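Following: one structure in structure tokens, then a few remarks.
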Amino acid sequence: MRHRKSLPSPLCLCVCLFWLAGCSISPLARNTAEFSSAASLVVDNTQNAYRKAVRINEDAQASLLVARFDTDHPMDPHSIRPLIDQKGLETRTKVLDGLRTYAQTIADLASGVSSPKLDEAATACGSNLKSLGDALASSTSIGINVTSAEANATSTALKALGDFLVNRQIKSSVPKIIKDMDPTVEALAKLLISDIDILRDQSGRDYEQILAQEDGFIRHAGSSLSPIERRSEIQRLPRILASEKATDDMLADLKDSIKKLAETHHALAAAAASKDSSSLHARIADLRASAEQLADFYDSLPDSSK
Amino acid sequence: MAAAKSSQKKKTAAAPAPDAVAVPEPQPVTAPALPPAFSNPDTVETYKALYDILGRAYWEASDLNAKDTIQGARDSLYEILTDLNRAKLEANTALFQSLKTKIRDSNKALDEIKDKINNITKNISTASNVIAAITKVVSIAPTLL
Numbered sequence: 000m001r002h003r004k005s006l007p008s009p010l011c012l013c014v015c016l017f018w019l020a021g022c023s024i025s026p027l028a029r030n031t032a033e034f035s036s037a038a039s040l041v042v043d044n045t046q047n048a049y050r051k052a053v054r055i056n057e058d059a060q061a062s063l064l065v066a067r068f069d070t071d072h073p074m075d076p077h078s079i080r081p082l083i084d085q086k087g088l089e090t091r092t093k094v095l096d097g098l099r100t101y102a103q104t105i106a107d108l109a110s111g112v113s114s115p116k117l118d119e120a121a122t123a124c125g126s127n128l129k130s131l132g133d134a135l136a137s138s139t140s141i142g143i144n145v146t147s148a149e150a151n152a153t154s155t156a157l158k159a160l161g162d163f164l165v166n167r168q169i170k171s172s173v174p175k176i177i178k179d180m181d182p183t184v185e186a187l188a189k190l191l192i193s194d195i196d197i198l199r200d201q202s203g204r205d206y207e208q209i210l211a212q213e214d215g216f217i218r219h220a221g222s223s224l225s226p227i228e229r230r231s232e233i234q235r236l237p238r239i240l241a242s243e244k245a246t247d248d249m250l251a252d253l254k255d256s257i258k259k260l261a262e263t264h265h266a267l268a269a270a271a272a273s274k275d276s277s278s279l280h281a282r283i284a285d286l287r288a289s290a291e292q293l294a295d296f297y298d299s300l301p302d303s304s305k
Numbered sequence: 000m001a002a003a004k005s006s007q008k009k010k011t012a013a014a015p016a017p018d019a020v021a022v023p024e025p026q027p028v029t030a031p032a033l034p035p036a037f038s039n040p041d042t043v044e045t046y047k048a049l050y051d052i053l054g055r056a057y058w059e060a061s062d063l064n065a066k067d068t069i070q071g072a073r074d075s076l077y078e079i080l081t082d083l084n085r086a087k088l089e090a091n092t093a094l095f096q097s098l099k100t101k102i103r104d105s106n107k108a109l110d111e112i113k114d115k116i117n118n119i120t121k122n123i124s125t126a127s128n129v130i131a132a133i134t135k136v137v138s139i140a141p142t143l144l
């Protein structure tokens, strides 16, 4: 009669390892995922704002070119320069993309980005263990028999062990990176706000220039415009003013969103270090609502004013 | 005609700039040198205020020539203020560059953590492969005996 050697109680092992698998990691995963989602929206809105501000400035310069075209001192089209040059835009895009990657990576890590691979490896291990038991039972006199239930329990235990090791790695390193990154996010927010202030100042005058040049064009054209053309051109004036206000509102909201992003990251760093994330949730909800509102607003703008 | 006026006004409007040149102040260490006009924020604010006042005057003027004259001056102020904003944004670009490095370093550190996590999975996969290899040996062992 074969003597069946018993393996450690699978249920006991699983319970023990699941408990060890860092139950406190769940809030970090949730918080970083929410932060990542909100940060991504802010990044998109900021990149849209740069594009829009540069385009408005180009329109304003073009209107000046038109206004001076038939004068004694026409404007040289070569003198038209972008508000932010290519290098400046690329640098900002890279920084913002870097921020998005950072937010996405901490969310991925906290949620256990390698889980599918880990599941696969743990399942294969349990399955192979059962095959080994079967092979030993049929080929040798060693009395080991691994049942399907035991093999599954082994897979589950290995999965829990893997999760535990992964979570321990995350808990020991990710909060530190978030904390170290906090001053950089704060500095970045200040810099972006400085940019937004400049863009607000500039776009306001760009629109005023476009408005005055349009007004001058209508008055100089006089009767050379047909009544319908004249009516159409005059109707553009209030639309320009409406776009000016919409753009200013958008930039003001964006400034607010960027401030909230920095505050939220600060709360995230604090929550990652302690376990208290109650205030963080409120900040993330606030940030996300603000960013979504801005994205909706931007999407609702007609193409001509984007 | 309008351009001539504009050109004349441009010279007038740009006149305060050399005063700003005479009072240079230390530049920030982290940002590149800015136009001297930055050294006196009051100068910039004065330009902005003048631009706004001329804007109101433009819409109040009923005579087309007067409007052209006013707008000519506004155009010159607009160009000066746009150049200043362009320079401010360029100065910010240098600061963005320094942040780019810091963000890249953080992302690199996060990638290293990813690698460590992948190693944990790899270790479990290795254990699985070892078991599979032993199974194979055990299976063929009776045929060898």
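So the protein sequences, as listed, match chains A and B. When we follow numbering that gives the first Met the number 0, the leftmost residue of the first sequence carries the number 0, and every step to the right adds one. When we follow numbering that gives the first Met the number 0, the leftmost residue of the second sequence carries the number 0, and every step to the right adds one. In this text, a Cβ means the ideal position worked out from N, Cα and C, and glycines have one as well. Source: prediction; values computed, not measured.
{"Asked": "Does DSSP classify H264/A as helix, strand or coil?", "Found": "helix"}
{"Asked": "Looking at the structure shown, is L198/A part of a helix, part of a strand, or coil, going by DSSP?", "Found": "helix"}
{"Asked": "Taking its Cβ as the centre, do 16 or more other Cβ atoms sit within 10 Å of L82/A, making it buried, or is it exposed?", "Found": "buried"}
{"Asked": "Where in the segment 63 to 150 of chain A do unbroken runs of the alpha helix (DSSP H), each at least 4 residues long, occur, reported from the N-terminal end onward?", "Found": "85 to 110 and 114 to 138"}
{"Asked": "In or out: G214/A buried (at least 16 other Cβ within 10 Å) or exposed?", "Found": "It is Asp, not Gly, that sits at residue 214/A in the sequence shown. D214/A comes out buried."}
{"Asked": "Less than 8 Å between C-beta atoms, sequence neighbours within five positions excluded: which residues of the same chain meet that for I69/B?", "Found": "L53, A56, Y57 and A60"}
{"Asked": "Three or more C-beta pairs under 8 Å: does that hold for the segment 110 to 125 of chain B against the segment 230 to 249 of chain A?", "Found": "no"}
{"Asked": "Need the endpoints of the alpha helix (DSSP H) that L49/B sits in, please.", "Found": "P40 to E59"}
{"Asked": "Would you say H265/A touches the ligand SAM, meaning its beta carbon is less than 7 Å from a heavy atom?", "Found": "Looking at this structure, you won't find the ligand SAM or any other ligand, since it has none at all."}
{"Asked": "Going by alpha carbons, who is nearest to R287/A out of L253/A, A271/A, A268/A and A270/A?", "Found": "L253/A"}
{"Asked": "Roughly how many whole angstroms lie between the Cα atoms of S78/A and I197/A?", "Found": "21 Å"}
{"Asked": "R235/A to K170/A, Cα distance in whole Å?", "Found": "58 Å"}
{"Asked": "K317/A: which of H264/A, L224/A, R199/A and A150/A sits nearest, CA to CA?", "Found": "For residue 317/A there is no data in the structure shown, the boundaries of chain A being 0 and 305."}
{"Asked": "What separation, rounded to the nearest whole angstrom, lies between the Cα atoms of L63/B and K93/A?", "Found": "48 Å"}
{"Asked": "Of all the beta strand (DSSP E) runs that stay within the bounds of the segment 57 to 87 of chain B, which reach a length of 3 or more residues?", "Found": "none"}
{"Asked": "Does the CB of S130/A have a neighbour CB from chain B at under 8 Å?", "Found": "yes"}
{"Asked": "Under 8 Å, do A102/A and S172/A count as touching if we go by C-beta distance?", "Found": "no"}
{"Asked": "What residues from chain A crowd round K115/B, counting only those whose CB sits closer than 7 Å?", "Found": "Q168"}
{"Asked": "Name the chain B residues that come within less than 7 Å of D194/A, Cβ to Cβ?", "Found": "L88 and N91"}
{"Asked": "How close, in whole Å, do the beta carbons of I176/A and A108/B come, if the pair is a contact with beta carbons under 8 Å?", "Found": "6 Å"}
{"Asked": "Throw me the rounded Cβ distance for the L108/A and I112/B pair, which I believe falls under 8 Å.", "Found": "6 Å"}
{"Asked": "For I83/A, go through chain B and note every residue whose CB falls closer than 7 Å to its CB, in chain order.", "Found": "L88"}
{"Asked": "Within 8 Å (strictly less), CB to CB, does Y46/B reach chain A?", "Found": "no"}
{"Asked": "Am I right that L190/A and T153/A are in contact with their C-beta atoms under 8 Å? What's the rounded C-beta distance?", "Found": "Contact doesn't hold; Cβ gap of about 53 Å is too wide."}
{"Asked": "Is it buried or exposed, P174/A, if we count other Cβ atoms within 10 angstroms and call 16 or more buried?", "Found": "buried"}
{"Asked": "Output needed in chain order: residues of the segment 221 to 240 of chain A with a Cβ under 7 Å from some Cβ in chain B.", "Found": "none"}
{"Asked": "Below 9 Å between beta carbons is the criterion; list the residues of the segment 52 to 66 of chain A that meet it against any residue of chain B, in chain order.", "Found": "N56, A59, Q60, L63 and A66"}
{"Asked": "Once you ignore the five residues that flank R99/A on each side, which residues in its own chain have a CB closer than 6 Å to its CB?", "Found": "S39 and V42"}
{"Asked": "Pick out whichever of S273/A, P226/A and H264/A has its Cα sitting closest to the Cα of S36/A.", "Found": "H264/A"}
{"Asked": "For S105/B, which three-state DSSP category applies?", "Found": "helix"}
{"Asked": "Report back the beta-carbon spacing between T90/A and T92/B to the nearest angstrom; my notes put them in contact at under 8 Å.", "Found": "5 Å"}
{"Asked": "For N64/B, return the contacting residues in chain A, with the cut-off set at a CB-CB distance below 8 Å.", "Found": "The contacting residues do not exist; N64/B stays about 11 Å from chain A at best."}
{"Asked": "Let me see if you follow: with CB-CB separation under 8 Å, is K107/B close to chain A or not?", "Found": "no"}
{"Asked": "Output, in chain order, the set of chain B residues within a Cβ distance shorter than 7 Å of R91/A.", "Found": "F95"}
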